Amino acid sequence: MKTVLLIDTSGARYFRRSRGQWQKIDKPDDKDSLWVIADLPEEVLERLELPLLFGRDRAHFLQRHLATAFPNSQFRAIIAGNLFRPGHALLTGLNAAGTISRELENLKNPVAGVWGIFMLQASIMRRLGIDNIMLVSPGQHYLRMLVIRHAVPVVTRCIHRYSEKDSDADEIQRTRLHLENHQVFEQEAIPPVLYLGDPASSGIAELMLMPLPDAMKPKGDASYLHALFEEVASSPKGQIAPLPFRFRYLGNRIRQAAYLLTALCLLTGMLFAQHDRRSLFSLDTDENRLQKNLQQETAQRQHLANRIKESGTNPALMQQAIKFSTFEIDAAPTPNSVLQFVAASIAGLQDVRIKSLSYRLLEHGERRCQKEPTRGDKRYAELQFSILLIEHLPISQQSEIRKRISDNIRRNAFVQVMEDPAAASNLHAIQSGSGAASAEDVWCMILPWPALRQVLP
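The sequence shown begins at 12 in my numbering and counts up one residue at a time.
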């Protein structure tokens, strides 16, 4: 739980948030971090108009003004940028740091930061969207006034109250006269008063008062300080404590961030490890399945080998026969390749069509193209086709077509043409004086088995 330390002229008081309200406590727990509010008359809140400077020149300008405004105190800060109004900066701090330093040095708890009460009130007004207001907060020893014009604090007053009978209305009237005389506001534009107390008991009921926003209404032991405690617990801008008073709190934050990062790394490692574990489990399952399949295949192979032995055949010889048969099947060309080879033979001859085609694998000793039988251990394939002329052509042109087909076939060195119509046509022309062949134009050729893949596409 967050704990607020309120330091004023009466001493130090601790408050802790419980069930939506801030309750007063005697002392915080040893591990509680403290958000400190300095309600001291030494607080200063000044407005500074910024010239058109950038980068290092702007930073040096701000630091010089900050050192000039608080020469004897390290409890100081500057708020620049567009937090309140563009082109303006706020200087906030304590002129004398003796009281706050003594209180913080005696603390054993880490300090999140120190904020002045004027700075917190200005931050609340900015968050609520109240741009012009006179905020009056009575206390036991001091009456504080904060005047905001166009969302920027312009006047701060801390008036000592010697007794509770001192008239707050008189001080409010003096402040209004000051604003009119210095032309901070015109008389008809004087902002309303937001009084953080009981107007009836203070004699200011006849003044132009602004109703209290819900966020600033008194609650619990904190009363009218509830809104300040809620604001400081969010660690707004305007923290004025130097680093030596905050190093324990900052160290705890860094340690917590390191623990969170370590936990995140461990979680990421566990996720990756879980993924790797699943991968290993999947690989182990695949290995077991493959091992089981291998055992089944080995058992089937042994069963087949036993059946082959029972039939009186050597299993090794059977395996060689199967391999050879598979090789022959793989080496045999497809019908598509045979058709492409025949089509290449008549390529470029528009008047020629294939009439018939036959292709077969020859057994040992079988006649090649109905002529001499095959000899030796070589295997052969027989290819035979005939042509059809779609038009009546002269005999000389027919002879030229046969010759071109034969030349296309003989370009393959592995092809042995056994029947060649072109050669028969030439021989018949010599014998009879005519170029026409008496038989059908049929080409028959054989191809050695190992050369099939080189001849056919």
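Ideal Cβ positions, reconstructed from N, Cα and C, are used throughout, including at glycine.
Here the structure is a predicted model, which is why all the values come from computation and not from measurement.
task = Would you kindly work out how many angstroms separate the C-alpha atoms of V47 and H189, rounded to a whole number?
result = Here residue 47 refers to the residue found at position 36 when the sequence shown is read from its first residue. Here residue 189 refers to the residue found at position 178 when the sequence shown is read from its first residue. Roughly 32 Å between the two C-alpha positions.
request  = May I have a chain-ordered list of the beta strand (DSSP E) segments no shorter than 3 residues that lie completely inside the region 104 to 176?
outcome  = Entirely contained in the region 104 to 176, the beta strand (DSSP E) runs reaching 3 residues are, in chain order, 122 to 127, 144 to 149, 153 to 160, 163 to 171.
query = How about V147 and L205: do their beta carbons lie closer than 8 Å?
reply = If you number the sequence shown from 1, residue 147 lands on position 136. If you number the sequence shown from 1, residue 205 lands on position 194. By the CB criterion at 8 Å, V147 and L205 fall inside the cutoff.
Reference V453; option with closest CA among R138, R364, A392 = Start at 1 with the first residue of the sequence shown, and residue 453 comes out as number 442. V453 has its Cα closest to that of R364, out of R138, R364, A392.
task = Given a cut-off of 8 Å, decide if T103 and G280 are closer than it, judged by their beta-carbon atoms.
result = Here residue 280 corresponds to residue number 269 of the sequence shown, with the count starting at 1. Here residue 103 corresponds to residue number 92 of the sequence shown, with the count starting at 1. No, Cβ-Cβ distance for G280 and T103 is not below 8 Å.
query = Under a three-way DSSP split, which group does F26 fall into?
reply = The sequence position of residue 26 within the sequence shown is 15, counting from 1. Looking at F26 - three-state DSSP - the assignment turns out to be strand.
ask   = What three-state label does DSSP hand D50 in the structure shown?
value = Against the sequence shown, residue 50 aligns to sequence position 39. Reduced to three states, the DSSP call for D50 is strand.
request  = Assign R257 to one of three DSSP states: helix, strand, or coil.
outcome  = Translated into the one-based positions of the sequence shown, residue 257 becomes position 246. Three-state result, R257: coil.
task = Report the rounded CA-to-CA distance for D297 versus A284, giving the unit in angstroms.
result = Here the question's residue 297 lines up with position 286 in the sequence shown. Here the question's residue 284 lines up with position 273 in the sequence shown. Going by the C-alpha atoms only, they are around 20 Å apart.
task = Could you have a look at S290 and say whether DSSP puts it in helix, strand or coil?
result = Numbered from 1 along the sequence shown, position 279 holds the residue referred to as residue 290. Three-state DSSP puts S290 in a helix.
ask   = Leaving out the 5 sequence neighbours to the left and right, which residues in its chain are closer than 6 Å to F129 when beta-carbon positions are compared?
value = The residue labelled residue 129 in the question sits at position 118 within the sequence shown. The residues are E54, L56, L157, T167.
inquiry  = I believe E393 touches L373 by the beta-carbon criterion, under 8 Å. Please report the beta-carbon distance rounded to the nearest angstrom.
reply    = Mapped onto the sequence shown, residue 393 falls at position 382. Mapped onto the sequence shown, residue 373 falls at position 362. Rounded, the Cβ-Cβ distance is 6 Å, consistent with contact.
request  = Could you tell me which residues DSSP pairs with M456 in its beta bridges?
outcome  = On the sequence shown, position 445 is the one that residue 456 refers to. Note: M456 sits in a beta bridge opposite L394, V428.
Bounding residues of the alpha helix (DSSP H) (the contiguous stretch that carries A238) = Looking up residue 238 in the sequence shown gives position 227. Membership of A238 in the alpha helix (DSSP H) is indicated by the continuous run 237 to 244.
message = Here's the rule I'm using: 16 or more other beta-carbon atoms within 10 Å means buried, otherwise exposed. How should E10 be labelled?
response = The structure shown does not extend to residue 10, since the chain is modelled only from 12 through 468, so no value can be given for it.
task = Starting from the N-terminal side, write out each stretch of the alpha helix (DSSP H) that is 4 residues or longer and does not extend beyond the region 298 to 347.
result = Those alpha helix (DSSP H) runs which fall completely within the region 298 to 347 and span 4+ residues are 326 to 342.
key: Euclidean distance between Cα positions of Q311 and L360   = The count along the sequence shown starts at 1 and reaches residue 311 at position 300. The count along the sequence shown starts at 1 and reaches residue 360 at position 349. Computed Cα separation, rounded: 57 Å.
message = With H, G and I counted as helix, E and B as strand and the rest as coil, what does DSSP make of S234?
response = Position 223 of the sequence shown, counting from 1, holds the residue named residue 234. Under the three-state reduction of DSSP output, S234 falls in the strand class.
inquiry  = Tell me which residue opens and which closes the beta strand (DSSP E) that T14 is part of.
reply    = Start at 1 with the first residue of the sequence shown, and residue 14 comes out as number 3. For T14, the enclosing beta strand (DSSP E) starts and ends at 14 to 19.
Simplified DSSP state of A70, which is helix, strand or coil = Here residue 70 corresponds to residue number 59 of the sequence shown, with the count starting at 1. When DSSP states are grouped into helix, strand and coil, A70 belongs to the helix group.
message = Within the continuous alpha helix (DSSP H) that includes S410, where are the two ends?
response = Taking the first residue of the sequence shown as position 1, residue 410 is located at position 399. Bounds of the alpha helix (DSSP H) holding S410 are 406 to 421.
request  = Could you check how far apart the C-beta atoms of H237 and P229 are, in whole angstroms? I think they sit under 8 Å.
outcome  = By one-based count along the sequence shown, residue 237 stands at place 226. By one-based count along the sequence shown, residue 229 stands at place 218. That belief holds up - the Cβ atoms of H237 and P229 are roughly 6 Å apart, short of 8 Å.
ask   = Based on the DSSP secondary-structure assignment, which residues constitute the bridge partners of H99?
value = By one-based count along the sequence shown, residue 99 stands at place 88. For H99, which the question treats as bridged, DSSP gives the partners E60.
query = Is the region 114 to 127 close to the region 32 to 51, with three or more CB pairs under 8 Å?
reply = Segment contact: the region 114 to 127 against the region 32 to 51, three or more CB-CB distances shorter than 8 Å; contact assigned.
inquiry  = I need the boundaries of the alpha helix (DSSP H) containing Y180, first residue and last residue.
reply    = The residue given as residue 180 occupies position 169 in the sequence shown. For clarity, residue 180 is Ala in the given sequence; the question names Tyr instead. Looking at the DSSP string, the run of the alpha helix (DSSP H) that includes A180 is 179 to 192.
Beta-carbon contacts of L139 that lie in its chain and below 7 Å, excluding the five residues immediately before and after = On the sequence shown, position 128 is the one that residue 139 refers to. Short of 7 Å from the beta carbon of L139, and not among the five residues preceding or following it, lie these beta carbons of its own chain, in chain order: P224, A226.
query = Name the DSSP beta bridge partners of V363, please?
reply = Here residue 363 is taken as the residue at index 352 of the sequence shown, counted from 1. V363 pairs with L400.
task = In angstroms with no decimal places, state the Cα-to-Cα distance between R404 and K389.
result = On the sequence shown, residue 404 is found 393 positions in, with the first residue counted as 1. On the sequence shown, residue 389 is found 378 positions in, with the first residue counted as 1. Here residue 404 is Leu; the residue named in the question, Arg, does not match the sequence. Approximately 41 Å, taken between the alpha carbons.
ask   = For T186, does the count of other Cβ atoms within 10 angstroms reach 16, so buried, or fall short, so exposed?
value = Position 175 of the sequence shown, counted from the first residue, corresponds to residue 186. T186 should be labelled buried.
message = Give me, in chain order, the residues of the same chain whose beta-carbon lies closer than 7 Å to that of F396; leave out the 5 immediate sequence neighbours on both sides.
response = Within the sequence shown, numbered from 1, the residue matching residue 396 stands at position 385. So the qualifying residues of the chain are V353, I365, S367, L368, W454.
request  = Give the single residue among F86, I201, S322, A435 whose Cα lies nearest to the Cα of K414.
outcome  = Your numbering for residue 414 matches position 403 in the sequence shown. Ranking the options by Cα distance to K414, first place goes to A435.
request  = Report the three-state DSSP secondary structure of V349 (helix, strand or coil).
outcome  = In the sequence shown, the residue the question calls residue 349 occupies position 338. V349 falls in the helix class under three-state DSSP.
task = Starting from the Cα of A108, find the closest Cα among W126, G98, F425 and give me that residue.
result = Here residue 108 refers to the residue found at position 97 when the sequence shown is read from its first residue. For A108, the closest of W126, G98, F425 by C-alpha to C-alpha distance is W126.
query = Sorted by chain position, which residues of the same chain lie with C-beta nearer than 8 Å to L220's C-beta, five sequence neighbours on each side aside?
reply = Walking along the sequence shown from the start, residue 220 turns up at place 209. Within the same chain, L220 has close Cβ partners P203, V204, L205, Y206, P210.
ask   = Which residues in the same chain have their Cβ closer than 7 Å to the Cβ of P459, if we skip the five residues on either side of it in sequence?
value = One-based indexing of the sequence shown puts residue 459 at position 448. Listed in chain order, the non-local C-beta contacts of P459 below 7 Å within the same chain comprise K389, Y391, F425, local neighbours out to five positions each way being set aside.
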